[in-house]
Every structure is written in C-alpha cells, then in structure tokens.
Amino acid sequence: MQKLERFVVFALLLLATGAGQSFFGDATRSSTSDGQPALQAAFGLLYLAIFAMLVTRFRTAALDAIKRDKWTLVLCLWAMSSALWSADPGESFRRSLGLLGTSMAGLFVGLRYEPRQQLKIISWVIGIGAAASLIVCLVAPGIGITSDGAWGGIYLIKNTLGRMMALGALCFALLALGERRHRAVRIAFFLLCCALLVLSRSATAVVVTVLILAVMPLRRLIYLRTSRLLAAAAVLVPVVAGAVIWVVEYADEILLALGRTSSLSGRIPLWQLVWDEITQRPILGYGFTAFWNSWEGQRVSDTVAWDVAVPHAHNGFLEIWLGLGIIGLGMLLLSLGRNFALALRAARGHSDIEHSWPLLLLVFTLLYNLTENSMLGVNSMPWMAYACVSFWLARTAGEEAHAPALEPEPEPALSN
C-alpha cells in the first residue's frame, strides 16, 4: 500500500509541474490540462485515488486538519459558488472542481509527510524535470527552445520552466544545507536549476530566487528572543528599504539587463486595465477563472495587444480579486496571514533547516505572485505545495495544542 501511495503522490506532483507539455501542449491555453482529455482523465483518476485513501485510511486526521485549516476549504467552496454569478458558469464550476482536487492532494501530502520528506519529494520531481529539460534543449532544441532563444525545456512555456527551477533551487539549497548525505548531488542539481532558470529568461523567477537565497542566511535571526528580533528588524528594515529605493532608482538599467522594459514587459498597463475592470465588479468578481473568457477579458487582451492572448493578470492578488471579488481576496489574505504566523512559530521551534521550508515557501509564494500568478492554481504544483504546507501547519498546531502539559517539578522543601 505504501508503494502505491508513493507512486500516486509522485505521479500527481510530476504531472502538476507541467512536465512534458512542450511535446503536445498549447502555449495559448490558460492551463496545461485544458483541451487535453487524456491529461484531465489522468488527474481525475489520481485525485480519486487520493480521495479513496483519505476516506478509507486517514478520515479522522483529514477531517481534523480541515477543521483547523478552514480557509483552504472555504476558498474552494467560494470558487465553486462563484459559478452562480460567473461570466462563464461552466468554466468556473469545472475549474473549481479541479481546484478542490488540487487542494485535496495538498491535504494528503501535508498529512502523510513531514517537511524533510516534502522537500525530498518535490525536489526530485523538479530534478527529473530539470534533467529532462536539459536533454531536450540539447538534443531537440526545436522543441525545448523558443524562436527568441528562451529555454522552456519539457514545460509549456519559459515562465513555467523558470517557476519550477526557482522552486527547485530553493528545495535543493535547503536539502544541501540540511544534511551532509548526498550533498554533492544536491548541489549539482541546485546549480542545474539555477542555470536553467537563467536560460529561461524568466525575470520574475530569477529575481525571486535571488531574493530568497539572499534571505536564507538571515534565517538564524528568527531564533532570537522577541526583543532582539525586533531590534534586528529595526536595523534590517531601513537596509531593505534602501535596497528597494536603489532598485527603483536604477529600475531601467536592471530591467534592461534582464531583457525587460521599465513597464515590466507590459504588466503595468495591464494592471491598470485590470483594475478598471475590478472596479466594475469589486465584491463578487467575474467568477473563478472566468474573466479571461468574457468579453471584458477579451477587451483587455486586445487593448494590451500582446503577441498571445493574456492568460491572467500577472499578479496573483489582482487575479483572485478579478475572479472571486474582495471577499475571495480577503479569504486568501487571512489564509496567508495565519500560515505566516504558524510557519514562523514552527521555524522558531526547531533548529533544523527543514522546518524553515514552510516559511520560505510562503515568502516564495508572496514574492512570485507580485508579477506572476500561482494562487489557486488548478492542477498546479505551486498551489499543491501551498495547500500541503497549510494543512501541515494546521496539523502540527493541533498536535501541539493537544500535547499533554508537563507537570511542574515540586519545589524543594525549605529547611528550618
């Protein structure tokens, strides 16, 4: 049974990375599984297998985790409910079912595996994609490399390769720092992920990776007492603010070096147009993933006039606001805030670096979604990883709450 469980988890995570999509995918689609019945059927069967294992073997633990992490389930139900007012009801309902399956997969992994095991599974899934991408780009460049020289490897588009390699670099870095065993192999895969990340020319992924790797040496600050942690923050915040001001001051030069313009490859005009549409339906939105199928979405896409149709808002928070309104965005922010608090507590309570994984993943998610979108991703590795961490944090918080309190030692008797 354990072998079957591991196969199902590994296969599901591998498919969720988008591996293999460069061979038969369509880069104009909003999801790697859209318009591909065989792939949708594979996801469906794997979700059914996960559901069967949850119900038959881990029902009590799953229900307890869901009760403790209400926001993930509430977000899924809100996305499903949005079909009632959606600009494309069929699309919203179908995709919300996929979101529920994706979140359920995260629940299973979060219940069954500790942070170190999560890291190993995710890193080797991405490692396979990295090695396969390198081979494809060298052997069949017509498949793995775009006409402008950007590498996509076995993934649908270059940004997918960039996102997976950024996440892979984080995972392999943590594993290499965490234990000496297989350190050389993990460093090699870390370097491979970094190389493919640069070759993908995905500016967001490169910047996020640099920021995450720069933050990692500062992780020891979280072990300071609260007063000292606040003092360290008082020093670091001005330094970070100065760095941000410097980046803004030299934004044109930096973006030009990354192959981008000062409008972030057209994102700023896109965000302005998206905001105008949000103000038309700010409370409920246009329905989960439905906006870009509506005439309003087509109007925005035509106005920005990119080479391909705009697939999303290129900002995770604006995209959620578009689809699920301010109510859905508020739910997501509450989920993020709760998870940040629990992840910080988990990292402060353990000396091993693997317990920093939830906190670093949340930082990665926050940074990445400033100019891209992985929030509430259907059949998507980033959202599976987020749900996995969210349910693991809920589970461990519950276990700590129910742990028996240590009885105080009796005070020594005073001698006369």
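With my numbering, the residue at position 55 of the sequence shown is 59, and numbering never jumps.
Idealized CB from N, CA, C, for every residue including glycine.
Original post:
Ile-330 lies in the alpha helix (DSSP H); which residues open and close that run?
Top reply: Working through the sequence shown from its first residue, we reach residue 330 at position 326. It spans 320-352 - the alpha helix (DSSP H) in which Ile-330 sits, taken as one unbroken run.
**OP:** Helix, strand or coil for Ala-23, going by three-state DSSP, please let me know.
**Re:** Your numbering for residue 23 matches position 19 in the sequence shown. Three-state DSSP puts Ala-23 in coil, outside helix and strand.
**OP:** Report the rounded CA-to-CA distance for Asn-297 versus Ser-85, giving the unit in angstroms.
**Re:** As a working note, residue 297 is residue 293 in the sequence shown. As a working note, residue 85 is residue 81 in the sequence shown. One C-alpha to the other measures close to 18 Å.
Original post:
Would a C-beta distance cut-off of 7 Å place Thr-208 and Thr-106 closer than the cut-off?
Top reply: Here residue 208 refers to the residue found at position 204 when the sequence shown is read from its first residue. Here residue 106 refers to the residue found at position 102 when the sequence shown is read from its first residue. No, the Cβ-Cβ distance between Thr-208 and Thr-106 is not below 7 Å.
**OP:** Could you check what DSSP says for Trp-310 in three-state terms: helix, strand or coil?
**Re:** The residue labelled residue 310 in the question sits at position 306 within the sequence shown. Coil, per DSSP.
Subject >> With 16 other Cβ atoms within 10 Å as the buried cut-off, status of Arg-399 >> reply: Locating residue 399 in the sequence shown gives position 395, counting from the first residue. Residue burial annotation: Arg-399 is buried, with at least 16 other C-beta atoms found within 10 angstroms of its C-beta.
Original post:
Which value, in whole angstroms, describes the spacing of the CA atoms of Leu-142 and Tyr-159?
Top reply: Reading the sequence shown from its first residue, position 138 is the one you call residue 142. Reading the sequence shown from its first residue, position 155 is the one you call residue 159. Whole-angstrom Cα-Cα distance: 15 Å.
Original post:
How many Å lie between Leu-365 and Thr-21 at the Cα?
Top reply: Position 361 of the sequence shown holds residue 365. Position 17 of the sequence shown holds residue 21. One alpha carbon belongs to Leu-365, the other to Thr-21, and they sit about 16 Å apart.
**OP:** Determine contact between the stretch 68-75 and the stretch 280-299, defined as no fewer than three beta-carbon pairs at a distance below 8 Å.
**Re:** The stretch 68-75 vs the stretch 280-299: no contact.
**OP:** Kindly list the residues whose CB is nearer than 7 Å to the CB of Val-314, restricted to its own chain and excluding five residues on each side of it in sequence; keep chain order.
**Re:** On the sequence shown, position 310 is the one that residue 314 refers to. So the list reads Leu-274, Trp-296, Val-304, Ser-305 and Val-308, once near-sequence residues are dropped.
**OP:** State yes or no: is the C-beta of Leu-52 within less than 7 Å of the C-beta of Ala-134?
**Re:** What you label residue 52 is simply residue 48 of the sequence shown in a count that begins at 1. What you label residue 134 is simply residue 130 of the sequence shown in a count that begins at 1. Using a Cβ distance threshold of 7 Å, Leu-52 and Ala-134 do not count as a contacting pair.
Original post:
Between Arg-184 and Leu-17, what straight-line distance do the alpha-carbon atoms span, to the nearest angstrom?
Top reply: The residue given as residue 184 occupies position 180 in the sequence shown. The residue given as residue 17 occupies position 13 in the sequence shown. Taking the straight line joining both Cα atoms gives about 26 Å.
Original post:
In angstroms, rounded to a whole number, what distance separates the CA positions of Asp-92 and Leu-326?
Top reply: In the sequence shown, the residue the question calls residue 92 occupies position 88. In the sequence shown, the residue the question calls residue 326 occupies position 322. Cα to Cα, the separation comes out at about 13 Å.
Original post:
How big is the Cα-Cα spacing for Ala-56 and Ile-132?
Top reply: What you label residue 56 is simply residue 52 of the sequence shown in a count that begins at 1. What you label residue 132 is simply residue 128 of the sequence shown in a count that begins at 1. Each residue's alpha carbon lies about 28 Å from the other.
Subject >> Extent of the continuous alpha helix (DSSP H) to which Ala-192 belongs >> reply: The count along the sequence shown starts at 1 and reaches residue 192 at position 188. 187-204 is the extent of the alpha helix (DSSP H) around Ala-192.
Subject >> For Gln-25, the nearest candidate out of Val-12, Arg-10, Leu-8 and Leu-43 (CA to CA) >> reply: Indexing the sequence shown from 1 puts residue 25 at position 21. Ranking the options by Cα distance to Gln-25, first place goes to Leu-43.
Subject >> As assigned by DSSP and simplified to three states, the class of Trp-387 >> reply: For the purposes of this step, residue 387 is taken as the residue at position 383 of the sequence shown. It is helical.
Subject >> For Ile-126: DSSP bridge partner residues >> reply: Position 122 of the sequence shown holds residue 126. According to DSSP, Ile-126 bridges with nothing at all.
**OP:** Select from Glu-95, Ala-83 and Phe-176 the residue whose C-alpha is nearest the C-alpha of Gln-122.
**Re:** If you number the sequence shown from 1, residue 122 lands on position 118. For the residues Glu-95, Ala-83 and Phe-176, the minimum Cα distance to Gln-122 belongs to Phe-176.
**OP:** Assign Arg-10 to one of three DSSP states: helix, strand, or coil.
**Re:** Stepping through the sequence shown from its first residue, residue 10 is reached at position 6. Arg-10: helix per DSSP, three-state reduction.
Original post:
Between which two residues does the alpha helix (DSSP H) containing Ala-173 stretch?
Top reply: For this step, residue 173 is matched to residue 169 along the sequence shown. From DSSP, the alpha helix (DSSP H) with Ala-173 extends over 162-182.
Original post:
CB-CB under 7 Å to Ile-330, same chain, minus the five flanking residues each way: which ones, in chain order?
Top reply: As a working mapping, residue 330 is identified with position 326 in the sequence shown. Cβ neighbours of Ile-330 beyond the five flanking positions: Pro-286 and Ile-287.
**OP:** Go to Tyr-159, then tell me how far its alpha helix (DSSP H) extends in each direction, as first and last residue.
**Re:** Translated into positions along the sequence shown, residue 159 becomes position 155. Going by DSSP, Tyr-159 is part of no alpha helix (DSSP H) at all; its letter is neither H nor E.
**OP:** Determine the DSSP secondary structure at Ile-1, reduced to helix, strand or coil.
**Re:** Not covered by the structure: residue 1. The range shown for the chain is 5 to 420.
Original post:
In its own chain, which residues sit with a C-beta less than 6 Å from the C-beta of Ala-339, not counting the 5 before and 5 after it?
Top reply: As a position in the sequence shown, residue 339 is number 335, starting the count at 1. Reading the sequence as shown, one finds Ser at residue 339 and not Ala. A distance below 6 Å between beta-carbons, with the five flanking residues on each side excluded, links Ser-339 to the following residues of its chain, in chain order: Trp-75.
**OP:** Please name the residue or residues paired with Ile-149 in a DSSP beta bridge.
**Re:** In the sequence shown, counting from the first residue as 1, residue 149 sits at position 145. Among the bridge pairs identified by DSSP, Ile-149 is matched with Trp-155.
Subject >> Ala-95 versus Phe-292, Ala-144 and Cys-80, residue with shortest Cα-Cα distance >> reply: Residue numbering aside, residue 95 sits at position 91 when the sequence shown is read from its first letter. Checking the displayed sequence, the identity of residue 95 turns out to be Glu instead of Ala. Nearest of Phe-292, Ala-144 and Cys-80 to Glu-95, Cα basis: Phe-292.
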